[in-house]
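Novice:
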Amino acid sequence: MSVTDKLERLRLHTIDLREGAVLETGCVYLVPVLETFALPAGVSASANPKSSTGRLDVFTRVITDGGHSFDTIPVGYHGPLYVEVSPRTFPVLVRTGSRLSQVRFRAGSARLDDTELADLHAVTPLVDTDPARFEDGLTLSIDLMREGTGALLGYRAKRHTGVIDVDRKAAFEVLDFWEPIHARGAPSLILDPGEFYILASREAVHVPPDTAARWSPSTRWWANSASTTPASSTPASAMPPPAAPARAPCWRCARARCPSSSTTARPSAASSTRRCRPAPTRSTAWASAPTTRRRA
Numbered sequence: 009m010s011v012t013d014k015l016e017r018l019r020l021h022t023i024d025l026r027e028g029a030v031l032e033t034g035c036v037y038l039v040p041v042l043e044t045f046a047l048p049a050g051v052s053a054s055a056n057p058k059s060s061t062g063r064l065d066v067f068t069r070v071i072t073d074g075g076h077s078f079d080t081i082p083v084g085y086h087g088p089l090y091v092e093v094s095p096r097t098f099p100v101l102v103r104t105g106s107r108l109s110q111v112r113f114r115a116g117s118a119r120l121d122d123t124e125l126a127d128l129h130a131v132t133p134l135v136d137t138d139p140a141r142f143e144d145g146l147t148l149s150i151d152l153m154r155e156g157t158g159a160l161l162g163y164r165a166k167r168h169t170g171v172i173d174v175d176r177k178a179a180f181e182v183l184d185f186w187e188p189i190h191a192r193g194a195p196s197l198i199l200d201p202g203e204f205y206i207l208a209s210r211e212a213v214h215v216p217p218d219t220a221a222r223w224s225p226s227t228r229w230w231a232n233s234a235s236t237t238p239a240s241s242t243p244a245s246a247m248p249p250p251a252a253p254a255r256a257p258c259w260r261c262a263r264a265r266c267p268s269s270s271t272t273a274r275p276s277a278a279s280s281t282r283r284c285r286p287a288p289t290r291s292t293a294w295a296s297a298p299t300t301r302r303r304a
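Per my numbering, the very first residue in the sequence shown carries number 9; after that it's consecutive.
(1) Taking 8 Å as the limit between beta carbons, can you name the residues of its chain near Ile71, skipping five residues before and five after?
(2) Report the residue ranges of all alpha helix (DSSP H) runs contained in full by the segment 26-89; include only those spanning at least 4 residues, in chain order.
(3) With a CB to CB cut of under 6 Å and the five nearest residues on each side skipped, what residues in its chain are close to Thr97?
(4) So, with DSSP's three-state summary, where would you put Leu197?
(5) Mapping the DSSP letters down to three states, classify His190 as helix, strand or coil.
(6) Identify whether Val174 lies in helix, strand or coil by the three-state DSSP scheme.
(7) Based on the DSSP secondary-structure assignment, which residues constitute the bridge partners of Val182?
(8) Please report the straight-line C-alpha distance between Thr44 and Arg26, rounded to a whole angstrom.
(9) To which residues of the same chain is Thr68 closer than 7 Å at the C-beta, ignoring the five residues directly before and after it?
(10) Within 10 angstroms of its Cβ, does Ile172 collect 16 or more other Cβ (buried), or is it exposed?
(11) Is Ala32 near Pro99, with beta carbons less than 8 Å apart?
(12) What does DSSP give as the partner residue(s) for Gly162 in the beta ladder?
(13) Could you give the C-beta distance for Ser47 and Gly75, rounded to a whole number, given that I count them as a contact under 8 Å?
(14) To the nearest angstrom, report how far apart Met9 and Ala29 are at their CA atoms.
(15) Who are the Cβ neighbours of Leu101 in its own chain at under 6 Å, not counting the five residues just before and after it?
(16) Should Ala53 and Ile81 be called a contact, given that it needs their Cβ atoms to be closer than 8 Å?
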C-alpha cells in the first residue's frame with residue numbers, strides 16, 4: 009500500500025502551501041517532495057534534517073512507498089518521497105520550495121570503525137583535544153568550562169514566540185526566540201525536560217576533504233536524544249544504529265523514571281508535581297504542494 013493510499017484513511021485536512029502556511033507546534037504534517045526518485049542499481053540514499061531545520065527544533069523524517077524505516081531510501085528505489093514535519097518549539101512558515109531535509113547518496117559502504125577512525129585521526133586530527141575518544145564513533149562533549157563567571161554556554165528556546173519564516177535569512181533577532189545561558193560558577197547545567205537547548209561542543213571538529221561526517225545522538229550518555237544536541241560525529245557515516253536504552257524513557261519529558269513511560273503505570277496524585285506535560289495534539293495534515301526539496 010502506498011503512502012497516499014494510507015492518507016485517505018488517516019488525514020484530517022489538507023493545506024495549500026503555494027502561498028505559504030504556518031505549521032503549528034505539536035502537530036504532525038505529511039508533505040510530498042517535489043522530486044521523484046529513480047535510483048540506479050547499487051545506489052541507495054539516506055535523508056536527515058538540514059542543520060538549520062534542526063536548530064529550529066523542527067522534527068523531519070523522510071518516508072518512501074513500501075519503506076520499512078524512516079530516512080532510508082533503498083537501493084534502486086523508484087517512486088515519490090514524503091516528509092513528515094513536526095515543529096516542536098517554534099511555529100514555522102513554509103511554502104512550496106522550502107527546504108527542510110537533505111539527501112546523501114551512497115554506492116557501496118564506506119563506514120569507518122573506531123580503529124580506522126583512530127588511524128585517520130593520527131594522520132589528520134579530527135578534533136583539537138587529546139586524547140580523542142572513539143566509542144562507536146568520534147565522541148564529542150558539551151563545553152561547560154568556559155572561562156569566567158558569566159561566560160556564554162549556549163541558548164534555551166523560548167516557549168512563546170512569533171512565527172519563523174524558514175526561507176528568510178538573518179531576518180530575526182536572536183533574543184526574540186532564545187534565552188542566553190551563562191556560566192554560574194560550577195561547570196554544570198541542569199536541563200529541564202521538554203525544553204530545547206543549543207550548546208557548544210568542547211572539541212573543535214575537523215572533517216578531511218575526502219571524508220563525510222554524520223551527527224548522531226549518543227545513547228551511551230542520554231536516555232532520550234530527541235531534544236538534545238547530537239553528541240557524536242562519525243566520518244563516512246561510520247556510526248552504527250544506536251543501541252536502545254535499557255528502559256524506554258517517557259516520550260513527553262525524557263525521564264526514564266516517569267510513571268507515564270510505562271504502559272501500565274500512570275502518574276498518581278502523589279507524583280503530580282513531577283508529572284510530565286500533556287501529550288501534544290497530533291494531527292496529520294496532507295499538503296497539496298511540497299515544502300521540501302532535495303539537496304544533493
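Note that beta-carbon positions come from the ideal geometry of N, C-alpha and C, so glycine has one too.
Specialist: Taking the geometry as given:
(1) Excluding sequence neighbours, Ile71 sits near Val11, Leu38, Phe78, Leu89, Tyr90, Val91, Glu92.
(2) Entirely contained in the segment 26-89, the alpha helix (DSSP H) runs reaching 4 residues are, in chain order, 59-63.
(3) Taking C-beta separations shorter than 6 Å and ignoring five residues to either side along the sequence, the partners of Thr97 in its chain run Asp65, Ala165, Phe204, following chain order.
(4) Reduced to three states, the DSSP call for Leu197 is coil.
(5) In the structure shown, His190 sits in a strand (DSSP, three-state: E or B).
(6) Coil at Val174, not helix or strand.
(7) DSSP lists no partner for Val182.
(8) Cα atoms of Thr44 and Arg26: separation of roughly 19 Å, rounded to the nearest angstrom.
(9) Pro57, Thr61, Val91, Glu92, Val93, Leu108, Ser109, listed in sequence order.
(10) The residue is buried, with at least 16 neighbouring Cβ atoms inside 10 Å.
(11) The displayed chain sequence assigns Glu, not Ala, to residue 32. Taking a C-beta distance under 8 Å as the contact criterion, Glu32 and Pro99 qualify as a contact pair.
(12) Under the DSSP definition of a beta bridge, Gly162 partners with Ile189, Leu207.
(13) A small fix is needed here, since residue 47 is Leu in this sequence, not Ser. With 8 Å as the limit, Leu47 and Gly75 do not qualify as a contact, their Cβ atoms being about 13 Å apart.
(14) The C-alpha of Ala29 is placed about 29 Å away from the C-alpha of Met9.
(15) Gly28, Val30, Val171, Asp173, listed in sequence order.
(16) Going by C-beta atoms, Ala53 is nearer than 8 Å to Ile81.
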